[in-house]
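In our numbering, the protein residues as written are 1 to 142.
Glycine is no exception: its CB is placed at the ideal position from the N, C-alpha and C atoms.
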């Protein structure tokens with residue numbers, strides 16, 4: 001049998017494997033042991049990395065709003081702190097007479113709200129989840 005070498009793209013460690021081994025399985029088995037991926041420090045809390053103002057307001061998930069008409073009273077675009085060159089949208093919505101906040105990075109939803117001017121608010125809409133032909137599920141605004 002021939003021994004081959006896989007070099008981890010993260011830590012650059014060489015890993016020997018048999019030519020009969022599945023390279024993907026070899027790489028996946030290395031991930032929990034990769035020194036650059038495994039932190040020796042205690043895990044942080046979300047409140048350590050996210051500003052406190054993000055948690056203000058009564059947040060609601062889009063799944064809780066599916067197929068019901070809601071009044072969108074405000075919107076705010078923010079740069080994502082998780083993905084470079086990405087942003088997310090926070091909507092202020094009225095649900096059952098109560099103001100709630102909805103944060104989303106859903107592409108189709110953001111695309112629709114890019115066309116909404118702040119002077120168009122408040123505006124009614126509904127959210128739905130649809131299944132694409134490839135099996136992927138996405139949110140849509142109607």
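What three-state label does DSSP hand residue i in the structure shown?
{"i": "residue 119", "result": "helix"}
{"i": "residue 106", "result": "coil"}
{"i": "residue 114", "result": "helix"}
From the DSSP secondary-structure annotation, give me the bridge partner or partners of residue i.
{"i": "residue 125", "result": "70"}
{"i": "residue 7", "result": "14"}
{"i": "residue 59", "result": "101"}
{"i": "residue 76", "result": "90"}
{"i": "residue 140", "result": "128"}
On the CB-based measure, 16 or more other CB atoms within 10 Å of its CB, does residue i come out buried or exposed?
{"i": "residue 59", "result": "exposed"}
{"i": "residue 127", "result": "buried"}
{"i": "residue 132", "result": "exposed"}
{"i": "residue 72", "result": "buried"}
{"i": "residue 28", "result": "exposed"}
{"i": "residue 49", "result": "exposed"}
{"i": "residue 65", "result": "buried"}
{"i": "residue 91", "result": "buried"}
Measuring straight from C-alpha to C-alpha, what distance separates residue i and residue j?
{"i": "residue 78", "j": "residue 104", "result": "10 Å"}
{"i": "residue 119", "j": "residue 102", "result": "20 Å"}
{"i": "residue 142", "j": "residue 107", "result": "14 Å"}
{"i": "residue 144", "j": "residue 74", "result": "There is no way to answer for residue 144, as the model of the chain reaches only from 1 to 142."}
{"i": "residue 2", "j": "residue 33", "result": "24 Å"}
{"i": "residue 112", "j": "residue 25", "result": "41 Å"}
{"i": "residue 86", "j": "residue 117", "result": "20 Å"}
Spatial neighbours of residue i within its chain, please: CB distance less than 7 Å, with the 5 preceding and 5 following residues excluded, ordered by chain position.
{"i": "residue 36", "result": "10 and 11"}
{"i": "residue 30", "result": "8 and 15"}
To which residues of the same chain is residue i closer than 8 Å at the C-beta, ignoring the five residues directly before and after it?
{"i": "residue 137", "result": "129, 130 and 131"}
{"i": "residue 61", "result": "102"}
{"i": "residue 109", "result": "62, 89, 127, 139, 140 and 141"}
{"i": "residue 18", "result": "1, 2, 3 and 4"}
Please return the same chain residues whose Cβ sits closer than 6 Å to the Cβ of residue i, not counting the five positions on each side in sequence.
{"i": "residue 93", "result": "70, 72, 100 and 102"}
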